[in-house]
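Trainee: Counting from 1, one number per residue, gives the positions in the sequence shown under the UniProt record's numbering.
Cβ coordinates follow ideal geometry from the N, Cα and C atoms, glycine included.
Following this message is one structure expressed as structure tokens.
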Amino acid sequence: MASLDGVDLDPSTVHTNIVRFRLTDTKAAVFVEEMHRRGVHVLPSGEDGARAVFYLDIGEKEASKAIAAVEATLTELKRTEP
1 MASLDGVDLD PSTVHTNIVR FRLTDTKAAV FVEEMHRRGV HVLPSGEDGA
51 RAVFYLDIGE KEASKAIAAV EATLTELKRT EP
């Protein structure tokens, strides 16, 4: 996820199942709403940050789907936000 355009994330700072990242091109509230619409629940963390929690039952397949949803959401918002 750190390599996605629109995400500021240093993987070396992730030490638990909680991943906090900064959104460089959109507001957290808009991003979180669109992610929820896509079935991926993340929380806003300030105006431009988001927080994702990976639970024990979330495997590589689900994580890959979530990352694809992040990428699709960022792409969509880049096209539609002023």
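When DSSP labels each residue in this structure, what does F31 get in the three-state scheme?
Mentor: Helix at F31.
Trainee: Buried or exposed for E34, going by 16 or more other Cβ atoms inside 10 Å?
Mentor: Label assigned to E34: buried.
Trainee: For L74, decide whether its Cβ has a neighbour in chain B, counting only Cβ atoms nearer than 8 Å.
Mentor: Considering every chain present, this structure includes no chain B. It has just one protein chain.
Trainee: Can you tell me where the alpha helix (DSSP H) with I67 in it begins and where it stops?
Mentor: Run containing I67: E60 to T80, per the alpha helix (DSSP H) assignment.
Trainee: Would R22 and D8 be called neighbours here (beta carbons separated by less than 8 Å)?
Mentor: Against a cut-off of 8 Å, the Cβ pair of D8 and R22 comes out as a contact.
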